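Undergrad: Shown below is the structure under consideration.
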Amino acid sequence: KYYGRYAHKFGAPTHDIRKVLLAVFVGLNIFHYVYCYSRWKNKRKRVVEHPHYQQKLRQAQKEKEFERKQRKKLKAAGKKVDDSDGEEITELPEAFVHIDNLDYPKWTDILVVRFIELPWTVVYFWIYKNLLKLTPGYDWERERDLELMEKFGLTEEELNFQKQQQRARVDKILSSSRYKKYKRYMKKMGKEVPKQQKNE
Numbered sequence: 001k002y003y004g005r006y007a008h009k010f011g012a013p014t015h016d017i018r019k020v021l022l023a024v025f026v027g028l029n030i031f032h033y034v035y036c037y038s039r040w041k042n043k044r045k046r047v048v049e050h051p052h053y054q055q056k057l058r059q060a061q062k063e064k065e066f067e068r069k070q071r072k073k074l075k076a077a078g079k080k081v082d083d084s085d086g087e088e089i090t091e092l093p094e095a096f097v098h099i100d101n102l103d104y105p106k107w108t109d110i111l112v113v114r115f116i117e118l119p120w121t122v123v124y125f126w127i128y129k130n131l132l133k134l135t136p137g138y139d140w141e142r143e144r145d146l147e148l149m150e151k152f153g154l155t156e157e158e159l160n161f162q163k164q165q166q167r168a169r170v171d172k173i174l175s176s177s178r179y180k181k182y183k184r185y186m187k188k189m190g191k192e193v194p195k196q197q198k199n200e
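Residue numbers (the working numbering): 1 to 200.
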């Protein structure tokens, strides 16, 4: 009897459930932000180590070295030039570090903000999907282009040039006499000719 009273008075937990829930919620927010930052950092490291990025970095360093040599020549010729060489180029600006569908984590990425925005996000997706019959904020063709650019180390201009060349080759094949003979032969044999899809 007396032991039970003592245990209830001194041994029973006296934690406030509201404080416990608040601590858990704050901990989850911190963990989520650290996870987003770690994910972004790993993705950025992969982009920086990509051959295309390294090529752009070497090009920028060569241009910097060329400017330095030009200033030395002008200075030797007695012309007044700016002696400030600036800092050495060890990395490109953040504009060159493109990470697909992933940005540097901001305060809006915290869970509490996500929970507040959740009703609006659900309504937004429902309107686009059911009323407008669209997929909000997602471009499948753009996603495919970004994957090709990352895989082969191409810029957007180079990828567009490759697409134009591919369309020209397809048009040339479709208008060739050899392909027309092939179509007539397949039609004569009663077989369906595979349709060539042109990229718009």
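Where is the CB? At the ideal position from N, CA and C, for every residue including glycine.
No experiment lies behind these values; they were computed from the predicted model shown.
What's the gap between the Cα of Lys151 and the Cα of Arg44?
TA: 15 Å
Undergrad: For Lys181 and Asn160, I'd like the C-alpha separation in whole angstroms.
TA: 32 Å
Undergrad: Can you look up Asp109 in the DSSP assignment and give me helix, strand or coil?
TA: helix
Undergrad: Take Thr155 as the anchor and find which of Val47, His52, Ser38 and Lys129 has the nearest alpha-carbon.
TA: If we check each option's Cα against that of Thr155, His52 comes out closest.
Undergrad: Following the continuous alpha helix (DSSP H) through Tyr185, name the residue where it begins and the one where it ends.
TA: Ser177 to Lys188
Undergrad: Pull up the CB-CB distance for Asp109 and Tyr179, whole angstroms please, since I reckon it's below 8 Å.
TA: With a Cβ gap of about 53 Å, Asp109 and Tyr179 do not count as contacting.
Undergrad: Using the three-state DSSP reduction, which class does Asp171 fall into: helix, strand or coil?
TA: helix
Undergrad: Alpha carbon to alpha carbon, how far is Ala22 from Val112?
TA: A small fix is needed here, since residue 22 is Leu in this sequence, not Ala. Their backbone Cα atoms lie some 11 Å apart in a straight line.
Undergrad: Could you give the distance in angstroms between the alpha-carbon of Lys106 and the alpha-carbon of Cys36?
TA: 9 Å
Undergrad: Between Asp171 and Gln164, what straight-line distance do the alpha-carbon atoms span, to the nearest angstrom?
TA: Straight through space, the alpha carbons of Gln164 and Asp171 are spaced by roughly 11 Å.
Undergrad: Secondary structure at His32, three-state DSSP: helix, strand or coil?
TA: helix
Undergrad: By the three-class DSSP mapping on this structure, what secondary structure does Gly153 have?
TA: Coil at Gly153, not helix or strand.
Undergrad: Spatial neighbours of Asp145 within its chain, please: C-beta separation below 8 Å, excluding the five flanking residues on both sides.
TA: Result list for Asp145: Glu156 and Leu159, in chain order.
Undergrad: Can you tell me whether Gly27 is helix, strand or coil according to DSSP?
TA: helix
Undergrad: In three-state DSSP terms, what is Tyr52?
TA: Reading off the sequence shown, one finds His at residue 52, where the question assumed Tyr. Reduced to three states, the DSSP call for His52 is helix.
Undergrad: What residues in its chain sit with their C-beta under 6 Å from that of Met149, if we drop five residues either side in the sequence?
TA: Cβ neighbours of Met149 within its own chain (closer than 6 Å, five residues either side excluded): Leu159.
Undergrad: For Lys188 and Trp40, what's the separation of their Cα atoms in angstroms?
TA: Linking Lys188 to Trp40 through their CA atoms gives a straight-line distance of about 59 Å.
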